[in-house]
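Novice: Below is the structure I would like to discuss, written out as C-alpha cells.
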Amino acid sequence: MKPNRKRNDISRSKRITVNAFLAALILSFAVFPVAFGPLQLAVLQIIAVIVAAELLGLKNGAAMGLFFGLVSLITAIARPNILSQAFYNPLVSVLPRILIGVNAYAVTHALLRTAKRKDQPSPLVERARSLSELKAQCASAETVLAPQKVSRRIPFRTFAYAIGAAAGVLTNTVLVLGMIMVFHYGKTFGGLLIGWEWIAATIVTNSILELAVTVVVTPPIVLTLKMLFFREKTETETL
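Position one of the sequence shown corresponds to residue 973 (our numbering), numbered consecutively onward.
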C-alpha cells in the first residue's frame, strides 16, 4: 500500500507544480499584457488554460479557466481600458474562460480516445495472442510493429492537441464577442461602437492571430511537459 501512496503523492506534487507554473504565467501576462491595436491579446493566457486542460484533465482545465476569468475581471476593474466596462459582467469575463478548458479537453480527449480504440486489436487477435503456440509469432510481430505505432502516435497527438487548442480559443472568441454583443450591442465605449463592424474588425485583427498562435504553440508545449512530468503515465491516466 505504501508504494501506491507514494506514487499518488508524486503525481499530486507534479500537478501542483504545473498548475502553479501556469497560474503564474496568467498573472504575469495580466500584469504585462500583450497589446495589438486597441485590444489586448489574451492568447498567452488562453494557451495556459488549454495546456492545463490537455495535460492535466477536465477539472484542472476548468479551474485554470476560472482563475483566468477572475484575473480578467479584476484586471478590468483595476486597470480599465476602452472595453473594461463590458468585462465587469462575469458572463463576459469569467464564463467563456472556464469553457476554454472544458471544450479543449473534450475535443482532445475524444480524438485521443478514438485513436486508442482504433489501435486496440480485435477480440480474435486477442484470443490468438493468448494461445501458447502463437506467442513467438506475436512477439516478433509486435517487435516489428512497435516503432511504427510510436511513430504514428506523436504526429496524431500533435494533431489532437492542435484541434483541441483551436476548440478552446474559438470558444473564447465566440463567447466573449457574443456576450458583449448580447449585453452591449449599439453602445459606445470611448468612441468604439459595439456592432457587426466591430465584430469583423476584431476577428480580422485579433481572433485570427490568436487562433494561429494557439494552434502552433500549444502542441509542443503539451508534449514537452508530458515528457518531463508525466513520462510514466498513459494517455488515459493524464486525460
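Backbone N, C-alpha and C fix where the C-beta goes; we use that ideal spot for every residue, glycine too.
Source: prediction; values computed, not measured.
Specify, as a first and last residue, the run of the alpha helix (DSSP H) that residue 1058 falls within.
Specialist: It is not in any alpha helix (DSSP H) - residue 1058 carries neither H nor E in the DSSP assignment.
Novice: So the candidates are 1130, 1165, 1199; which of them puts its Cα closest to the Cα of residue 1054?
Specialist: Nearest option by C-alpha distance: 1165.
Novice: Tell me which residues share the same chain as residue 1063 and place their Cβ nearer than 8 Å to its Cβ, disregarding the 5 neighbours each side in the sequence.
Specialist: The residues are 1151, 1155.
Novice: Does the Cβ of residue 1086 have 16 or more other Cβ atoms within 10 Å, making it buried, or fewer, making it exposed?
Specialist: That one is exposed.
Novice: Check residue 1161 in the structure and name its three-state DSSP category.
Specialist: It is a strand residue.
Novice: Considering only their Cβ atoms, is the gap separating residue 1037 from residue 997 smaller than 8 Å?
Specialist: Going by C-beta atoms, residue 997 is not nearer than 8 Å to residue 1037.
Novice: Mind checking which residues open and close the alpha helix (DSSP H) that includes residue 1044?
Specialist: Element bounds for residue 1044: 1030-1050.
Novice: Whole angstroms is fine: what's the gap from residue 1082's alpha carbon to residue 1014's?
Specialist: The straight-line gap from Cα to Cα measures roughly 26 Å.
Novice: Jot down the residue ranges of each uninterrupted alpha helix (DSSP H) in the region 1124-1193, minimum 4 residues, whole runs only, in chain order.
Specialist: With a minimum length of 4 residues, the continuous alpha helix (DSSP H) runs that stay inside the region 1124-1193 are 1168-1174.
Novice: Please state the DSSP three-state secondary structure of residue 1054.
Specialist: Note: residue 1054 maps to coil in three-state DSSP.
Novice: Around the Cβ of residue 1049, are there at least 16 other Cβ atoms within 10 angstroms (buried) or fewer (exposed)?
Specialist: Exposed is the call here.
Novice: Just how far apart, CA to CA, sit residue 1079 and residue 1129?
Specialist: So the two alpha carbons sit approximately 12 Å from each other.
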